[in-house]
Amino acid sequence: MARRLAPSVNAGSMADIAFLLLIFFLVSTTIETDYGIMRKLPPLIEDSPEVVFKKKNLFQVELNQLNQLSVEGNLMEIQDLKKAAIAFLDNGGGSGDLACDYCKGDKDIESSDHPSKAIISLINSRETNYETYIAVQNELVSAYTELRNREAERLYGVSFIEMEENLKDGRYVGNKEELRDRVKKIQSMFPEKLSEAEPRNQ
Amino acid sequence: MSKFKNKKNTQLPEISTASLPDIVFMLLFFFMVATVMRNDTLMIQNMLPYADQVEKLDTKLIMNIYAGKPNSRYRDMGSEARIQLNDKFADIKDIKAFILAERALKRPGEVPFLITSLKVDKETKMGLVGDIKKELREVQALKINYTTNRGEAKDNFNR
Chain A
838 MARRLAPSVN AGSMADIAFL LLIFFLVSTT IETDYGIMRK LPPLIEDSPE VVFKKKNLFQ
898 VELNQLNQLS VEGNLMEIQD LKKAAIAFLD NGGGSGDLAC DYCKGDKDIE SSDHPSKAII
958 SLINSRETNY ETYIAVQNEL VSAYTELRNR EAERLYGVSF IEMEENLKDG RYVGNKEELR
1018 DRVKKIQSMF PEKLSEAEPR NQ
Chain B
-12 MSKFKNKKNT QLPEISTASL PDIVFMLLFF FMVATVMRND TLMIQNMLPY ADQVEKLDTK
48 LIMNIYAGKP NSRYRDMGSE ARIQLNDKFA DIKDIKAFIL AERALKRPGE VPFLITSLKV
108 DKETKMGLVG DIKKELREVQ ALKINYTTNR GEAKDNFNR
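The listed protein sequences derive, respectively, from chains A and B. Each residue of the first sequence is one higher than the last, beginning at 838 in my numbering. Each residue of the second sequence is one higher than the last, beginning at -12 in my numbering.
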């Protein structure tokens, strides 16, 4: 009995089919951009209570319709903003009750008393570009992050960014409760007080 | 003489292409795993700005609001920046209805964790963004995320 060999199936067109699928997926999908700056909007309150604060505790950042940045009334370049914001937040010019024992700033009495009192106010015009606005937001957030990192390094030996990542990480093996308290403590040392007014109509 | 003839007649063996599908399938699986299906067709320009102080978004509890100039296919809409919700151009006043509709689709327990992701083109004026934010505050959708590309802030001005 002669053994018949089974005819081999031609697999040449298999590649074409796979290429079709591949091209379909290439065209129809995007690598999702799911990163961004997290912000919390203030709730809408009908009659907002009067908040009393000293003028020296306010850091005024303004963006005009020509995308120029002015800080406390003086024009400034965006790359210098972070430094100025850090100097303001970290100043610690208060005494007595308001003395700040972890600030490393100049202790200028003309600038902010204590990081928990320091408010950054961001005003923009309706004609400001979104791009510039994001750059400014980014610099201000990075000023807070840098100060928090510094304190976290000093107190616990890890950066604040790392602590926050560990907190979100399900596989973290340390004591999560303790970590949460630590994160809260660092946050309360430099609370993010970023106020945004309604855009100005110019 | 026959020696030469023999050499001429030897044919090169055919290269087997049987493993080509395997290679292509490997690529295919890589793209299937690494990418996410785009769920909205963009009708606007959407070049996001750059920032480095960013956090990752949980991909499930997100409401997307797009804004920017209509792209070249929708020239007839004018060159003024517009809002896009789902697959349609929308007005400022449609945002509230959109947020409420999105909330109705989610389980009640998930509603407080919903994040509104603002995917705004970098050339948009802040007036429009301010209006969007005001509408969001009115429906108590306070958690927002300015979605950006990852890069340094100064990258925004390098063009």
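All C-beta atoms, glycine included, are put in the ideal place defined by N, C-alpha and C. Only a predicted model underlies this, so the values are computations on that prediction, with no experimental measurement involved.
What number of angstroms, rounded off, separates the C-alpha of H951(A) from the C-alpha of K891(A)? 12 Å
Output yes if chain B places a C-beta closer than 7 Å to the C-beta of S1060(A); else output no. No answer is possible for residue 1060(A): it lies beyond the span of chain A, which begins at 838 and ends at 1039.
Please state whether DSSP places K919(A) in a helix, a strand or coil. helix
Which of helix, strand or coil does DSSP assign to R1008(A)? coil
Would you report the Cα separation of R987(A) and N1003(A), rounded to the nearest angstrom? 17 Å
Is Q40(B) near the ligand NAD, going by C-beta to nearest heavy atom under 6 Å? You won't find the ligand NAD in this model; it holds no ligand whatsoever.
Beta-carbon contacts of K83(B) that lie in its chain and below 7 Å, excluding the five residues immediately before and after: E122, E125 and V126
Along the chain, where does the beta strand (DSSP E) that runs through S907(A) open and close? L906 to V908
Helix, strand or coil: which one does DSSP assign to V1020(A)? helix
Alpha carbon to alpha carbon, what distance is there between D45(B) and I854(A)? 34 Å
In the DSSP assignment, find the unbroken alpha helix (DSSP H) run with G114(B) in it and report its ends. M113 to E125
Pick helix, strand or coil for N975(A), following the three-state DSSP scheme. helix
Where M34(B) and K109(B) are concerned, what is the direct C-alpha to C-alpha distance, given to the nearest angstrom? 6 Å
By Cβ distance below 7 Å, which residues in the same chain neighbour N51(B) in space, the five residues on each side in sequence not counted? D27, S104 and K106
Taking buried to mean at least 16 other C-beta atoms within 10 Å of its own C-beta, is E95(B) buried or exposed? Looking at the sequence shown, residue 95(B) is not Glu but Pro. Classification of P95(B): exposed, given that the 10 Å Cβ count is below 16.
Just to make sure I have the definition right: I need the residues of chain A whose C-beta is within less than 7 Å of the C-beta of A180(B). Which are they? Because residue 180(B) is not part of the residues shown, which for chain B are -12 to 146, the question remains open.
Where the beta strand (DSSP E) through I49(B) begins and ends: I49 to G55
Name the residue from A921(A), V888(A) and N847(A) whose alpha carbon lies nearest to the alpha carbon of G942(A). A921(A)
From the DSSP secondary-structure annotation, give me the bridge partner or partners of I102(B). I49(B)
Sorted by chain position, which residues of the same chain lie with C-beta nearer than 7 Å to Q974(A)'s C-beta, five sequence neighbours on each side aside? I874
Which chain A residues are close to P8(B), counting only those with a beta carbon under 7 Å from its beta carbon? A848, M851, A852 and A855
Excluding five sequence neighbours on each side, which residues of the same chain lie with their C-beta closer than 6 Å to the C-beta of A980(A)? K919, A922 and I923
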